[in-house]
Structures are given as structure tokens and as C-alpha cells.
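In the working numbering, the protein residues as written are 288 to 348.
Everything below concerns the one structure shown next.
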């Protein structure tokens with residue numbers, strides 16, 4: 288079964304905002320690498336804290 292539908296919509300940037308989009312993308316890209324590429328183990332430590340508390344709704348789902 289499909290979990291989501293494919294939409295035919297496309298989004299076009301507002302030309303006056305492209306510089307801001309580029310800056311935001313660079314920050315998100317850096318955060319992705321920081322948290323998701325093994326650059327550090329912050330997420331592992333946060334998940335361990337969550338598990339130690341026995342509270343599944345705490346911190347990270």
C-alpha cells in the first residue's frame with residue numbers, strides 16, 4: 288500500500304528570497320551532516336537519556 292500520494296504540484300522560489308533560501312539550505316545541510324553523518328554522537332546520547340528515563344515521550348520520538 289502507498290503511504291502517501293504523489294502530488295503534481297511544483298514550487299518555485301520567490302526570486303527576491305533566493306539569497307535567504309541559500310543561506311538556510313547551507314545551515315540545514317550542515318546540521319544534517321553534524322547530526323546524521325557520524326560527526327558526533329549527540330543523537331545517540333539523547334536517545335540513551337530517553338531510554339534511561341523509561342519515558343518514551345521524552346526528548347525524541
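Ideal placement from N, C-alpha and C gives every residue a C-beta, glycine not left out.
Note that the structure is predicted; figures quoted are calculated from it, not measured.
Using a Cβ-Cβ cutoff of less than 7 Å, which residues in the same chain neighbour residue i once the five nearest sequence positions on both sides are dropped?
i, result
"residue 314", "none"
Rounding to the nearest angstrom, what Cα-Cα distance links residue i and residue j in this structure?
i, j, result
"residue 299", "residue 308", "12 Å"
"residue 322", "residue 329", "7 Å"
"residue 303", "residue 297", "18 Å"
"residue 295", "residue 305", "23 Å"
"residue 301", "residue 291", "27 Å"
For residue i, which residues of its own chain have a beta-carbon under 6 Å away from its beta-carbon, when the five flanking residues on both sides are left out?
i, result
"residue 332", "none"
"residue 317", "none"
Let's see if you can read the secondary structure: which residues bound the alpha helix (DSSP H) around residue i?
i, result
"residue 338", "329–340"
Please go through the same chain and pick out, in chain order, the residues whose beta-carbon is closer than 8 Å to the beta-carbon of residue i, but skip the five residues on each side of it.
i, result
"residue 341", "none"
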